[in-house]
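In the numbering used here, the protein residues as written are 30 to 173.
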């Protein structure tokens, strides 16, 4: 009997000791996988936030540059108009210069192209005479 008790007691005792050691190791050693994943997620989020900030900054500076470009273009237009008024020798020359300056602004919008009136779809074959053999005929192109 003592032998059979020893056969059951030792594995049971080993199992309890193994569970206790596993539990202690799990509690004492922090689980590195979730922490690493969280760090990677935080890193990706930080890079994404930085990218978004760079995009916003880029488009803000682009908008500022476009405003400056528009203002500069307007200044050039005003300067040329003033020069045309001041330096033109006669009224006809001044009118032509001013008309050329403002030609871009006064251009009417271009008309859209209209599709062809013929609604027949294009053919993917050559037309033939009514009684002539078609291209798929076995005697097509052969001389008799």
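Glycine is no exception: its CB is placed at the ideal position from the N, C-alpha and C atoms.
key: residue 51, DSSP secondary structure in three states   = Helix, per DSSP.
task = Pull up the distance between the alpha-carbon of residue 29 and that of residue 148, whole angstroms please.
result = This structure cannot settle anything about residue 29, because the visible part of the chain is limited to 30 through 173.
request  = Identify the continuous alpha helix (DSSP H) that holds residue 127 and give its terminal residues.
outcome  = From DSSP, the alpha helix (DSSP H) with residue 127 extends over 120-130.
Cα-Cα separation between residue 37 and residue 71, rounded to whole angstroms = Their backbone Cα atoms lie some 51 Å apart in a straight line.
task = Measure the beta-carbon distance from residue 123 to residue 129 and round it to whole angstroms, keeping in mind my assumption that it falls under 8 Å.
result = In fact, because the Cβ distance is near 11 Å, the residues do not count as touching under 8 Å.
query = For residue 169, which three-state DSSP category applies?
reply = Under the three-state reduction of DSSP, residue 169 is assigned to coil, being neither helix nor strand.
task = Look at the alpha carbon of residue 102 and the alpha carbon of residue 75, and state the distance between them as a whole number of angstroms.
result = Each residue's CA atom was taken as its position, placing residue 102 and residue 75 some 40 Å apart.
query = Do residue 113 and residue 127 have their C-beta atoms within less than 8 Å of each other?
reply = In contact: residue 113 and residue 127 (Cβ atoms closer than 8 Å).
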